[in-house]
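Read left to right, the sequence shown gives residues 16 to 499 (the working numbering). Taking it in order: structure first as structure tokens, then the write-up.
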Amino acid sequence: MEKINGPSLTEQAGMVSIAKLVSVLGTVAASIILTRALSQSEYGNYEQVWLVYNSLVPLFVYGLGSALYFYSARVDLKVVYSASVVLSCLVGLVTGVAMLVFAVPIGVFFNAPQITIYLRIFSFYAILSSPSLLMESVLITEKKVKLLLLVNVVVAFLIVISVSAGAVLLKSMNSIFVLITIVGFLKSALLILFLDKRRMMALAGIGVNLKSQVAYALPVVVSGIVGMISRQVDKYLVTTNFSSSVYAVYAIGAKEIPLIAIVTGSASTVLLPKLSELGSKNQIENFIGFWKNSISKTGLFLLPISFFLFAFAGDFMYFFFGQKYLASAGIFRIFLLMMPLRLAFYSHALFSLGKQKLYMYTSIADMFLGGLASYMLMRSFGIEGAALGKVVVTYIEILFLAWVLISSLRTTVKEFLPWSILSRVSLISIICLVPVSLIGIVVQNVYFSFPLKGIVFAGLFAMIAYLTKLVQITDLKHLKFIVR
Numbered sequence: 016m017e018k019i020n021g022p023s024l025t026e027q028a029g030m031v032s033i034a035k036l037v038s039v040l041g042t043v044a045a046s047i048i049l050t051r052a053l054s055q056s057e058y059g060n061y062e063q064v065w066l067v068y069n070s071l072v073p074l075f076v077y078g079l080g081s082a083l084y085f086y087s088a089r090v091d092l093k094v095v096y097s098a099s100v101v102l103s104c105l106v107g108l109v110t111g112v113a114m115l116v117f118a119v120p121i122g123v124f125f126n127a128p129q130i131t132i133y134l135r136i137f138s139f140y141a142i143l144s145s146p147s148l149l150m151e152s153v154l155i156t157e158k159k160v161k162l163l164l165l166v167n168v169v170v171a172f173l174i175v176i177s178v179s180a181g182a183v184l185l186k187s188m189n190s191i192f193v194l195i196t197i198v199g200f201l202k203s204a205l206l207i208l209f210l211d212k213r214r215m216m217a218l219a220g221i222g223v224n225l226k227s228q229v230a231y232a233l234p235v236v237v238s239g240i241v242g243m244i245s246r247q248v249d250k251y252l253v254t255t256n257f258s259s260s261v262y263a264v265y266a267i268g269a270k271e272i273p274l275i276a277i278v279t280g281s282a283s284t285v286l287l288p289k290l291s292e293l294g295s296k297n298q299i300e301n302f303i304g305f306w307k308n309s310i311s312k313t314g315l316f317l318l319p320i321s322f323f324l325f326a327f328a329g330d331f332m333y334f335f336f337g338q339k340y341l342a343s344a345g346i347f348r349i350f351l352l353m354m355p356l357r358l359a360f361y362s363h364a365l366f367s368l369g370k371q372k373l374y375m376y377t378s379i380a381d382m383f384l385g386g387l388a389s390y391m392l393m394r395s396f397g398i399e400g401a402a403l404g405k406v407v408v409t410y411i412e413i414l415f416l417a418w419v420l421i422s423s424l425r426t427t428v429k430e431f432l433p434w435s436i437l438s439r440v441s442l443i444s445i446i447c448l449v450p451v452s453l454i455g456i457v458v459q460n461v462y463f464s465f466p467l468k469g470i471v472f473a474g475l476f477a478m479i480a481y482l483t484k485l486v487q488i489t490d491l492k493h494l495k496f497i498v499r
């Protein structure tokens, strides 16, 4: 691809994906350290504080980031940046004050009065770090993706150092939240200094743009809130009905594998523009072909990982989080049951066909039905029921969306998905698990056996897939599809 004024679009997208991966890996590394250094109750409190924060600030600032992308080509960038920073500060201030004032009721609601002090400390994080959430949007707009990668590496390192110092050296939960708050403040200060040095801050004329950005961001925020509640409702049910220790077990089991999130997220950014183009031209046959091809490529990568992790979930939990969280393996397996649903991007397909409202209504229904199912099954099966309810309703939602797409595209169930390829990938994955499972009999130390199982499984799968012509050397090009 031709380069124009810097890295090509593919290179930029690749670096953004890597930057996101670094950020997520930093968060996961912090969790691994904390699960080993803290008691289950303390780690549960840590996750509860983040649950409160992540339900508030990021959604609103994400909406501002979307507005920033939209207005950056239409309005003076100085005005857009200034308005975004001011609005993010206001959101952070309101959220921080709310966390400070309602810390006690939230603690009671979560059956964890001890988190009151942590919420009050972390309220300053909400206030001081909110501008930092615009860092990605600003640096991408400025085409400073290398700087974004560097910032994410440094911040991830500082987060790991902060939680290590707070949990291992100082042995204080308060210290953990104070140190993380300092890191958030430094990131915000860096963004403001970056804009100021480039003379990209101007207060004059931001009044009108403030209204425009709020008007644009509000629908994004509302949609985000619906999606957030739908994704987090099971966690709220668990944290309000069980102890912090039990919530810690659930939170670990419900964590998403970073690489999987990056693959699906990166693939979706490539998929939407192409599907939109084909949908607008009414090229249904090409639309279905591209849709099935993207699912095949994603499935070739994600399905084997899912089978492997499902089979060795206990080893995975022990290897990364220690013996205390072996009980999280059951929750982890339940959420892995949703992996086949993540091979296809139903929302993107519906958007490209102009069915945004239908998807919004479906998401709202999913939110209510998911909460109801999780609550009912939780009463019968405990925390596993909360996870199972979410999975069951998600399957129902996807079946409905698939029916809508099949009807809209005037195709058949047989032609809608690459059944042959997906079934072959699944069969090969299951075959590879048989000899790999014997490794645990010979090598009983999980810290040696789990990585060895992963290496042998990957090697066997690649060999059989190549010999059966499921993949070819040229198919390695799809790695570029993953990192874009």
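Ideal placement from N, C-alpha and C gives every residue a C-beta, glycine not left out. All values derive from a computational prediction rather than experimental measurement.
Go ahead and label LYS250 buried or exposed: buried means 16 or more other beta carbons lie within 10 angstroms of its beta carbon, across all protein chains shown. Locating residue 250 in the sequence shown gives position 235, where the first residue counts as 1. It is buried - the Cβ of LYS250 has at least 16 other Cβ atoms within 10 Å.
Nearest residue (CA-CA) to ILE136, options PHE125, VAL119, VAL123, SER152: Within the sequence shown, residue 136 is the residue found at index 121, counting from 1. For the residues PHE125, VAL119, VAL123, SER152, the minimum Cα distance to ILE136 belongs to VAL119.
Cβ-based neighbour list, ILE195, same chain, cut-off 6 Å, excluding 5 preceding and 5 following: Here residue 195 refers to the residue found at position 180 of the sequence shown. So the qualifying residues of the chain are SER177.
Please state the DSSP three-state secondary structure of ALA34. Taking the sequence shown and counting its residues from 1, the one referred to as residue 34 is at position 19. In the structure shown, ALA34 sits in a helix (DSSP, three-state: H, G or I).
With respect to the alpha helix (DSSP H) encompassing ASN69, which residues constitute its N-terminal and C-terminal limits? Position 54 of the sequence shown, counted from the first residue, corresponds to residue 69. Start and end: 55-69.
For GLN129, which of helix, strand or coil comes out of DSSP? Working through the sequence shown from its first residue, we reach residue 129 at position 114. In the structure shown, GLN129 sits in coil (DSSP, three-state: anything other than H, G, I, E or B).
Three-state class that DSSP yields for ARG499 in the structure shown: For the purposes of this step, residue 499 is identified with residue 484 of the sequence shown, where counting begins at 1. Model confidence at ARG499 stands at a pLDDT of 46, short of 50, so the residue's coordinates are unreliable; what they give is reported in the following sentence. Residue state, collapsed to three classes: coil.
Cβ-based burial, VAL428 [other Cβ within 10 Å; buried from 16]: Within the sequence shown, the letter at position 413 stands for residue 428. With fewer than 16 Cβ atoms within 10 Å of its Cβ, VAL428 is classed as exposed.
Please tell me whether THR42 and TYR340 are closer than 8 Å, where the distance is taken between their beta carbons. By 1-based counting over the sequence shown, the position of residue 42 is 27. By 1-based counting over the sequence shown, the position of residue 340 is 325. No, the pair does not count as a contact, with Cβ atoms beyond the cut-off.
Whether or not the segment 112-131 and the segment 144-152 are in contact is what I'm after, with contact meaning three or more pairs of Cβ atoms, one per stretch, closer than 8 Å; do they touch? no
Is the beta carbon of LYS468 closer than 8 Å to that of PHE327? Position 312 of the sequence shown, counted from the first residue, corresponds to residue 327. Position 453 of the sequence shown, counted from the first residue, corresponds to residue 468. Taking 8 Å as the Cβ cut-off, PHE327 and LYS468 qualify as a contacting pair.
Could you check the C-alpha separation between LEU184 and ILE48 for me, to the nearest Å? Counting from 1 along the sequence shown, the entry for residue 184 is found at position 169. Counting from 1 along the sequence shown, the entry for residue 48 is found at position 33. Using only the alpha carbons, I get a separation of about 12 Å.
Along the alpha helix (DSSP H) that carries ARG425, what are the first and last residues, could you check? Within the sequence shown, residue 425 is the residue found at index 410, counting from 1. That residue, ARG425, is in no alpha helix (DSSP H); it is neither H nor E in DSSP.
With burial defined as no fewer than 16 other Cβ atoms inside 10 Å of the residue's Cβ, what is the status of ALA480: buried or exposed? The residue you call residue 480 lines up with position 465 of the sequence shown. Buried is the call here.
Can you tell which of VAL112, LEU148, ALA380 has the C-alpha that lies nearest to the C-alpha of PHE139? If you number the sequence shown from 1, residue 139 lands on position 124. Nearest option by C-alpha distance: VAL112.
Can you name, in chain order, every residue of its own chain whose Cβ lies under 6 Å from the Cβ of ILE19, other than the five neighbours on each side? As a first step, residue 19 must be located in the sequence shown, where it is residue number 4. Below a pLDDT of 50, predicted positions are generally treated as unreliable, and ILE19, at 43, falls in that range; the measurement from the model is reported next regardless. The answer is none, since no qualifying residue turns up.
Quick one: any contact between the segment 403-412 and the segment 372-391, if contact means 3 or more CB pairs under 8 Å? The segment 403-412 makes contact with the segment 372-391, as at least three CB pairs between them are under 8 Å.
Does DSSP put GLU151 in a helix, a strand or coil? Here residue 151 is taken as the residue at index 136 of the sequence shown, counted from 1. In this structure, GLU151 counts as helix in the three-state DSSP scheme.
At least three beta-carbon pairs within less than 8 Å, the segment 313-326 to the segment 428-441: yes
Which residue marks the beginning of the alpha helix (DSSP H) containing GLY469, and which one marks its end? The sequence position of residue 469 within the sequence shown is 454, counting from 1. Taken as a continuous stretch (DSSP letters only), the alpha helix (DSSP H) holding GLY469 covers 461-482.
Flag this pair as yes or no: are the beta carbons of SER518 and LEU148 separated by less than 8 Å? Nothing in the structure corresponds to residue 518, since the chain is present only between 16 and 499.
Where does VAL457 land, buried or exposed, given buried means 16+ other C-beta within 10 angstroms? Position 442 of the sequence shown, counted from the first residue, corresponds to residue 457. Its Cβ having fewer than 16 others within 10 Å, VAL457 is exposed.
Taking C-beta to C-beta, are LEU365 and LEU416 nearer than 8 Å? Start at 1 with the first residue of the sequence shown, and residue 365 comes out as number 350. Start at 1 with the first residue of the sequence shown, and residue 416 comes out as number 401. Yes, Cβ-Cβ distance for LEU365 and LEU416 is below 8 Å.
Count the other C-beta atoms from every protein chain shown that fall within 10 angstroms of the C-beta of LEU387, then say buried if there are 16 or more, exposed otherwise. Position 372 of the sequence shown, counting from 1, holds the residue named residue 387. Exposed is the call here.
Got a sec? Which residues, its chain only, sit under 7 Å from ILE413 by beta carbon, not counting five neighbours each side? Along the sequence shown, one-based indexing puts residue 413 at 398. Excluding sequence neighbours, ILE413 sits near LEU356, TYR361.
Just how far apart, CA to CA, sit VAL223 and VAL198? Within the sequence shown, the letter at position 208 stands for residue 223. Within the sequence shown, the letter at position 183 stands for residue 198. Reliability of the predicted coordinates at VAL223 is poor, the pLDDT of 48 falling under 50, and no value is obtained from them.
Run of the alpha helix (DSSP H) containing PRO120, from where it starts to where it stops: Start at 1 with the first residue of the sequence shown, and residue 120 comes out as number 105. It spans 118-124 - the alpha helix (DSSP H) in which PRO120 sits, taken as one unbroken run.
Would you mind giving the Cβ-Cβ distance between ASN69 and SER259, rounded to the nearest angstrom? I have them listed as a contact below 8 Å. Counting from 1 along the sequence shown, the entry for residue 69 is found at position 54. Counting from 1 along the sequence shown, the entry for residue 259 is found at position 244. Going by Cβ atoms, the distance from ASN69 to SER259 rounds to 17 Å, so no, they are not a contact pair.
Along the alpha helix (DSSP H) that carries GLY329, what are the first and last residues, could you check? In the sequence shown, residue 329 corresponds to position 314, counting from 1. It spans 328-336 - the alpha helix (DSSP H) in which GLY329 sits, taken as one unbroken run.
Our contact map puts GLU430 next to ILE303 with C-beta atoms below 8 Å; I'd like the distance itself, whole angstroms only. To locate residue 430, count along the sequence shown from 1; it is residue 415. To locate residue 303, count along the sequence shown from 1; it is residue 288. Rounded, the Cβ-Cβ distance is 7 Å, consistent with contact.
What's the gap between the Cα of TYR133 and the Cα of TRP418? Indexing the sequence shown from 1 puts residue 133 at position 118. Indexing the sequence shown from 1 puts residue 418 at position 403. Whole-angstrom Cα-Cα distance: 46 Å.
As a quick exercise: from ASP330, LEU324, VAL109, pick the residue whose alpha carbon is nearest that of MET353. Taking the sequence shown and counting its residues from 1, one reaches residue 353 at position 338. Answer by Cα proximity: LEU324.
Since I believe ASN167 is in contact with GLY38 (beta carbons under 8 Å), could you give me their beta-carbon distance rounded to a whole number of angstroms? To locate residue 38, count along the sequence shown from 1; it is residue 23. To locate residue 167, count along the sequence shown from 1; it is residue 152. Note that residue 38 corresponds to Ser in the displayed sequence, not to Gly. Going by Cβ atoms, the distance from SER38 to ASN167 rounds to 5 Å, so yes, they are a contact pair.
Beta-carbon spacing of LYS161, MET375 below 8 Å: Locating residue 161 in the sequence shown gives position 146, counting from the first residue. Locating residue 375 in the sequence shown gives position 360, counting from the first residue. No, Cβ-Cβ distance for LYS161 and MET375 is not below 8 Å.
Given this structure, state the Cα-to-Cα distance separating GLN247 from LEU373, to the nearest angstrom. Numbered from its first residue, the sequence shown carries residue 247 at position 232. Numbered from its first residue, the sequence shown carries residue 373 at position 358. Looking at the two C-alpha atoms, the distance is approximately 22 Å.
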